[in-house]
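Chemist: Pasting a structure below so you can have a look.
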Amino acid sequence: MRGFRVLRTLHVHGRHAAAWSCVALAASERRKESHCWSLWGSYDVGVIPGRESTLLSSLPLEKKAVQASDVDMVIFHGGCPDGFAAAFAAYLKRGTACEYVGIGHGFKKLPENVDDKTVAILDFSFDAQTMEELRRRAKGVIVLDHHASAEETLRPFPAENKVFEMKMSGATLAWDFFHGQFTRKNCPLLFRYIEDKDIWRWAMKRSKEFSAAQELELPIPAPGVVANPAAAFEPWLRLHKGGERALDAMLSRGTSIVAYQDSLVQAQARSARVRRLKAVPDQKAFVVNATVLPSELGNALAERGLQEGVSFVMCVKYLPGNKPGEGSWSISLRSLFGSHEAAADVSEIARKFGGGGHRAASGMAVRVSNLEEIFASEA
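Heads up, the sequence shown is in the working numbering, so the first residue is 4 and it goes up one at a time.
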């Protein structure tokens, strides 16, 4: 206890003095550094005070057709941080005993080797016809998703084969399914930070800093089979094991990245143009080329659109194929649906093109040689 009294005395003279006393105490008692630092205060991570009630967990998962311990194939939303984090939650439970396959929205073809597999579909779902085919071929199927369009599509699908919750993301749904329902432990902060941006809640401290750093430090593989899961998940596993200390350091690195990203968003936003889709000619859209930061750019333009009579945003990028004619246009749709009466329900727009998502944030892939084909001639 003598070391603790010294720490309290020195702390009044500044944080660095407390830190040096902490190191001395750790050396004498062989305590972990994380325990020692907690004597003068926790890291600046976690839920913003007063926002705790906005977080949901511990879903009713009884009487489902699939047990977490039996899953040997995970199909997740490919190219998406929330989808890959959901796959990581499965990896923490199943490791290399499971196959991981990333698939984009609107893709209807099942992996060839689904026969007799126990499949968990995370942050994603196929159309109803493909899902019925999967249920016939697979040993067992469970869908964990939070997209409104998918819930509507799979309304006839048996309750034992699906879990939908709009107040959670794919990452936290997967954590709850693979871990939370058994351990009753709190969902790790890593998954909460991924959820925070994905459902645009912003209830976590320095959440934008996390998202900025995540793009550099937690890579997301391209859609397809994850050939080496141990290597693909290694950066995520390192952060997960590092706890609050590692997370705090990552958020600090994200601070300068946020400032740079803001400048990129402002520059890209200036190139946006107003157009109308043939499929929804009564609503105006901002259309912008967005190879980076589509969510941030889309949100910024959605707010600007309120003053300019624009009801939604289309953030567009081209994805080349391996052969002529195989390329597609990836389009992220954003609006302020729910907070402004003039904002469009973009999930309805995405559905017209075979895509889906949330009412304020959706996505779709368009396969046309010239994107002008989908636009009306006049704005």
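Backbone N, C-alpha and C define an ideal beta-carbon position, used for all residues, glycine too.
(1) Have a look at L192 and A88 and give me their C-alpha separation to the nearest angstrom.
(2) Three-state secondary structure (DSSP) at T294?
(3) Considering just the uninterrupted stretch of the alpha helix (DSSP H) at G366, what are its terminal residues?
(4) Quick one: residues in its chain with C-beta nearer than 8 Å to the C-beta of Q264, no 5 flanking neighbours on either side, listed in chain order?
(5) Measuring alpha carbon to alpha carbon, tell me which residue in H80, L59, V277 and K120 is nearest A68.
(6) Say whether the region 150-157 touches the region 127-138, bearing in mind that this needs 3 or more beta-carbon pairs closer than 8 Å, one atom from each stretch.
(7) Using DSSP with H/G/I as helix, E/B as strand and the rest coil, what is R354?
(8) Take E220 as the anchor and find which of K188, N164, M253 and H243 has the nearest alpha-carbon.
(9) With a CB to CB cut of under 6 Å and the five nearest residues on each side skipped, what residues in its chain are close to Y46?
(10) If we ignore side chains and look at the alpha-carbon of each, how far apart do E102 and A345 end up?
(11) Using 8 Å as the threshold, is the C-beta distance between L339 and A363 below it?
(12) With DSSP as the reference, label F180 as helix, strand or coil.
(13) From this set, A288, S333 and I145, which residue's C-alpha is nearest E306's C-alpha?
(14) By a C-beta neighbour count over all protein chains shown, 10 Å radius and 16 as the cutoff for buried, is V166 buried or exposed?
(15) When you compare only the Cα positions, how much space is there between G301 and V122?
(16) Can you list, in chain order, the residues of its chain with a C-beta nearer than 6 Å to that of M76? Leave out the 5 residues immediately preceding and following it.
(17) Under the three-state reduction of DSSP, which class applies to P224: helix, strand or coil?
(18) When we look at the beta-carbon of E65 and count the other beta-carbons within 10 Å, is it buried (16 or more) or exposed?
(19) Compare the beta carbon distance of F378 and R279 with 8 Å and say whether it is the shorter of the two.
Modeler: In short, the structure shows the following:
(1) Answer to the nearest angstrom: the Cα atoms are 12 Å apart.
(2) Reduced to three states, the DSSP call for T294 is coil.
(3) Premise fails: G366 lies in the beta strand (DSSP E), A364 to V369, not in any alpha helix (DSSP H).
(4) Hits under 8 Å: A215, L296 and E299.
(5) Closest by alpha carbon: K120.
(6) Yes: at least three Cβ pairs fall under 8 Å.
(7) Note: R354 maps to helix in three-state DSSP.
(8) Comparing Cα positions, the closest option is M253.
(9) Taken in chain order, the residues that qualify are E247 and D251.
(10) The C-alpha of A345 is placed about 44 Å away from the C-alpha of E102.
(11) Closer than 8 Å, so yes.
(12) Three-state result, F180: helix.
(13) Out of A288, S333 and I145, A288 has the C-alpha closest to the C-alpha of E306.
(14) Counting the other Cβ atoms within 10 Å of the Cβ of V166 gives 16 or more, which makes it buried.
(15) A straight line joining the alpha-carbon of G301 with that of V122 spans about 33 Å.
(16) Excluding positions up to five away in sequence, the list reads E102, K120 and V122.
(17) In the structure shown, P224 sits in coil (DSSP, three-state: anything other than H, G, I, E or B).
(18) Exposed: under 16 other Cβ atoms inside 10 Å.
(19) Result yes, Cβ atoms of F378 and R279 sit closer than 8 Å.
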